[in-house]
Every structure is written in structure tokens, then in C-alpha cells.
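Heads up, the thing below is written out as C-alpha cells.
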Amino acid sequence: MQTGSIVNRILNHTVTHVAGAFLAMGSWAVFANSAHPLPDMLLAGLVQGTLSGLITLVMKKCLEALSSQFARAAPALTILAPPLIVCTVSTAVLIGTHALAGTPEILATIAVPASVALTYAIIYSYSLWHQRKAKGEKVLA
């Protein structure tokens, strides 16, 4: 087996994406709460890392399902509605969970993960619309 194919398999594996989200966004949360005592900043990192991993796991499937529901709507609605729905729900979950966990800097903690999620969701939603259009499926252009 070639090294490139092993690396590609690892990089494209769901576990890699979930672990990457956990580490990246959990680290961000620790940094965003670094002015607070150690237990608070570590708990914020653990909460954010866990939520980012779970959101990463679920977001792609939700976008695909919602995209098919909006497939015959106007392109702007088809492309933007699924990400806005998914990201609104995930942001609400982030805010609620961090509030329950007592995260000191909730807005700073979720700013980067929410922005990254919205950017990913819009790009992925556009790619789903573009794939349908390229396949000749009925989409409004």
C-alpha cells in the first residue's frame, strides 16, 4: 500500500475530523478563557472540544438532508437555508451548554467555532447545489 493512500485515508476519516475539531476548538476555548482560573478555562476547552467534535460529526449529514429538502427552491434559498438552520441550532446548543457549564467567556469561546462552522456549511451547501446542477437535476439557476 502506498504512503499517500494511507495518509489520504487517515485525513479523510471521520475520526480524524472529529479529533481535529476537538483539539482545535477546545484549544481555542482554553485560550479564550485564559484570563480565568485553570479549572474554568480547562472546562471551557473540554466542553467546546466535545461539542465541536459532535457538531462536526452531525453537521455534514444534516446539511445533506436539508439540502435535498430545499433542492427545488431558488438557488439563494437552496444554498443558504441549510447552513443557517444547522448553524442556528448548533450555536444555540453551544450557548446553552456553555451557560450550563459556567464558561466565563461564552461569546469569545464560541466566536471562532461558530464562524468556522458557518463558513464550512455555506461552502458545503454550495457544493451540494453545484453537484446537483452538474448532474442535470432540476435546480433553479
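The sequence shown begins at 285 in my numbering and counts up one residue at a time. All C-beta atoms, glycine included, are put in the ideal place defined by N, C-alpha and C. Just so it is clear, the structure is predicted and the values come from calculations on it, not from any experiment.
Have a look at residue i and residue j and give me their C-alpha separation to the nearest angstrom.
i: residue 320; j: residue 394; result: 16 Å
i: residue 437; j: residue 301; result: The question about residue 437 has no answer here: the residues shown for the chain are numbered 285 through 425.
i: residue 416; j: residue 325; result: 44 Å
i: residue 355; j: residue 413; result: 7 Å
i: residue 293; j: residue 317; result: 35 Å
i: residue 380; j: residue 365; result: 22 Å
i: residue 342; j: residue 311; result: 21 Å
i: residue 396; j: residue 344; result: 18 Å
i: residue 329; j: residue 403; result: 22 Å
i: residue 358; j: residue 387; result: 40 Å
i: residue 315; j: residue 418; result: 43 Å
i: residue 305; j: residue 405; result: 14 Å
i: residue 295; j: residue 336; result: 17 Å
Would you mind sorting residue i into buried or exposed? The rule is 16 or more other CB atoms within 10 Å of its CB.
i: residue 401; result: buried
i: residue 420; result: exposed
i: residue 383; result: exposed
i: residue 360; result: exposed
i: residue 322; result: exposed
i: residue 298; result: exposed
i: residue 288; result: exposed
i: residue 390; result: buried
Between residue i and residue j, which are expected to be in contact by the criterion C-beta below 8 Å, what is the C-beta distance as a whole number of angstroms?
i: residue 332; j: residue 313; result: 3 Å
i: residue 350; j: residue 377; result: Rounded, the Cβ-Cβ distance is 16 Å, inconsistent with contact.
i: residue 339; j: residue 410; result: Contact doesn't hold; Cβ gap of about 19 Å is too wide.
Is it true that the CB of residue j sits closer than 8 Å to the CB of residue i?
i: residue 375; j: residue 392; result: no
i: residue 327; j: residue 385; result: yes
Rank the options by C-alpha distance to the C-alpha of residue i and give the top, closest one.
i: residue 372; options: 385, 347 and 358; result: 347
i: residue 408; options: 386, 385 and 367; result: 367
i: residue 309; options: 291, 296, 290 and 334; result: 334
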